[in-house]
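Take a look at the structure set out below.
Protein chains: 2
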Amino acid sequence: MVDVKATNVHWHDGEVTLEERNHLLGQKGATLWFTGLSGSGKSTIAVALEKALYQRGKLTYRLDGDNVRLGINKNLGFSADDRTENIRRIGEIAKLFVDSGVIALSSFISPYHADRDQVRQLHRDSNFVFIEIFVDCSLAEAESRDPKGLYKKARAGEIKNFTGIDDPYEEPRLPEIHLRTDQMSLEQEVQIIVDYLLGQGIIAA
Amino acid sequence: MVDVKATNVHWHDGEVTLEERNHLLGQKGATLWFTGLSGSGKSTIAVALEKALYQRGKLTYRLDGDNVRLGINKNLGFSADDRTENIRRIGEIAKLFVDSGVIALSSFISPYHADRDQVRQLHRDSNFVFIEIFVDCSLAEAESRDPKGLYKKARAGEIKNFTGIDDPYEEPRLPEIHLRTDQMSLEQEVQIIVDYLLGQGIIAA
Numbered sequence: 023m024v025d026v027k028a029t030n031v032h033w034h035d036g037e038v039t040l041e042e043r044n045h046l047l048g049q050k051g052a053t054l055w056f057t058g059l060s061g062s063g064k065s066t067i068a069v070a071l072e073k074a075l076y077q078r079g080k081l082t083y084r085l086d087g088d089n090v091r092l093g094i095n096k097n098l099g100f101s102a103d104d105r106t107e108n109i110r111r112i113g114e115i116a117k118l119f120v121d122s123g124v125i126a127l128s129s130f131i132s133p134y135h136a137d138r139d140q141v142r143q144l145h146r147d148s149n150f151v152f153i154e155i156f157v158d159c160s161l162a163e164a165e166s167r168d169p170k171g172l173y174k175k176a177r178a179g180e181i182k183n184f185t186g187i188d189d190p191y192e193e194p195r196l197p198e199i200h201l202r203t204d205q206m207s208l209e210q211e212v213q214i215i216v217d218y219l220l221g222q223g224i225i226a227a
Numbered sequence: 023m024v025d026v027k028a029t030n031v032h033w034h035d036g037e038v039t040l041e042e043r044n045h046l047l048g049q050k051g052a053t054l055w056f057t058g059l060s061g062s063g064k065s066t067i068a069v070a071l072e073k074a075l076y077q078r079g080k081l082t083y084r085l086d087g088d089n090v091r092l093g094i095n096k097n098l099g100f101s102a103d104d105r106t107e108n109i110r111r112i113g114e115i116a117k118l119f120v121d122s123g124v125i126a127l128s129s130f131i132s133p134y135h136a137d138r139d140q141v142r143q144l145h146r147d148s149n150f151v152f153i154e155i156f157v158d159c160s161l162a163e164a165e166s167r168d169p170k171g172l173y174k175k176a177r178a179g180e181i182k183n184f185t186g187i188d189d190p191y192e193e194p195r196l197p198e199i200h201l202r203t204d205q206m207s208l209e210q211e212v213q214i215i216v217d218y219l220l221g222q223g224i225i226a227a
């Protein structure tokens, strides 16, 4: 007997799955979570990686202060609660991108274990790939660069609770990738990440 | 004279642009904002459209209650303020997807002009494509379907402020697409949207 009901809904007999989106894109969705001091080079590496992956035909999207703090999180300040909520929302957004098949590049100081672990758990709950990348740069070096003049203001007391000055940076214990920025060039840093993605099958050669 | 500075930064001499991501994907990022009563068929149409676009090799991502209300917006309830914040955040997330090159399909009742117009304006501020799709279904028809049994509960007073019962649904005045669901099949609804996307150059034939 013909199942008339089924023929009525053949247009949406199944949702497009993450696997199908991954197949369409020729990559696996994943979150690359850059963490490190202000001035450590997180965004610089993310921008260079984005370029390298684009040249390989891979789709990435960077989440950073420009499009998150000024957009969805513009109603958050810098209190402890708001910082935690800031990272939580970014983690949830990254997760949506992973689910869409995109490689999300998140560049935020994200100084606390608890917040980063929460984002890792969010991904784990859905069997999504989460790659923590510790952009390891000494405070002295980051402060000497001070690209936005923020350390100077923090030292002068004009900014309170600044990571590395009067608020702690909790170094990742077991990041998937540890970039010792004093020992390598930007090209090397990008290559390390690309090699990791190849090795994990996130992208293919 | 050689510009040494420039050679030092050649890895990130430019960010990957939205135009480049669109080129990679063979489509333009856009938000398709489905609005209509509970039970009007928003999600059903979005699922069917997703399938039709996938078959054309296009990348879409659906934002709906399952991945938004249970994820990034799980700390929001149903007060007037929380409803507005719910839609604001969804609009900001949709905008991030547009910026990534993805066609975002948003399926939420979004009953108020003010909230929908805010999302439209958010997109307009960045010259992003926003397509409001009014899934026009009579209250009688939606209530007769009542797929989740919500109208029954609302009529019994077990759910307060339910759109169409004791909270208004403000019909879109000038939606880009108006689907009169009593006059067309699901296949026709999907075709209307696909034709619109083709006509606007969001996707190519």
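Top to bottom, those sequences are chains A and B. First residue of the first sequence? That's 23 in this note's numbering, and the numbers climb one at a time after it. First residue of the second sequence? That's 23 in this note's numbering, and the numbers climb one at a time after it. The beta-carbon is built from N, C-alpha and C at its ideal position, and this holds for glycine as well. What you are looking at is a predicted structure, and each value in this text was computed from that prediction instead of being measured.
- Within 10 angstroms of the beta-carbon of A:Gln49 lie 16 or more other beta-carbons, which makes it buried.
- For B:Tyr83, the enclosing beta strand (DSSP E) stretches over residues 82 to 85.
- Less than 8 Å divides the Cβ of B:Leu85 from the Cβ of B:Ala116.
- DSSP lists A:Arg202 as the bridge partner or partners of A:Asp158.
- A residue is called buried when at least 16 other Cβ atoms come within 10 angstroms of its Cβ; A:Asp103 does not meet this threshold and is exposed.
- Contact with chain B is absent for A:Arg78, since none of that chain's Cβ atoms lies less than 8 Å from the residue's Cβ.
- Of all alpha-carbon atoms in A:Ala178, A:Ser62, A:Val38, A:Thr185, the one lying nearest the alpha-carbon of A:Phe156 is that of A:Ser62.
- C-alpha of A:Ser128 to C-alpha of B:Lys175: approximately 42 Å in a straight line.
- Note on A:Arg43: 16 or more other CB atoms within 10 angstroms of its CB, so buried under the neighbour-count rule.
- Of all residues in the stretch 141 to 154 of chain B, the ones placed with a Cβ closer than 9 Å to any Cβ belonging to chain A are Leu144, in chain order.
- Three or more beta-carbon pairs separated by less than 8 Å are not found between the stretch 53 to 72 of chain A and the stretch 95 to 109 of chain B, which leaves the two stretches without contact.
- In the DSSP assignment, B:Leu127 is bridged to B:Leu54, B:Arg84.
- If you draw a straight line from the Cα of A:Pro190 to the Cα of A:Pro133, it comes to about 7 Å.
- The alpha-carbon of A:Arg202 is positioned some 16 Å away from that of A:Trp55.
- Closest in alpha carbon position to B:Ile131, among B:Phe119, B:Leu144, B:Ile112, is B:Ile112.
- For B:Asp188, the secondary structure class from DSSP, reduced to helix, strand or coil, is coil.
- Within chain A, the C-beta atoms nearer than 8 Å to that of B:Lys117 come from Gly93, in chain order.
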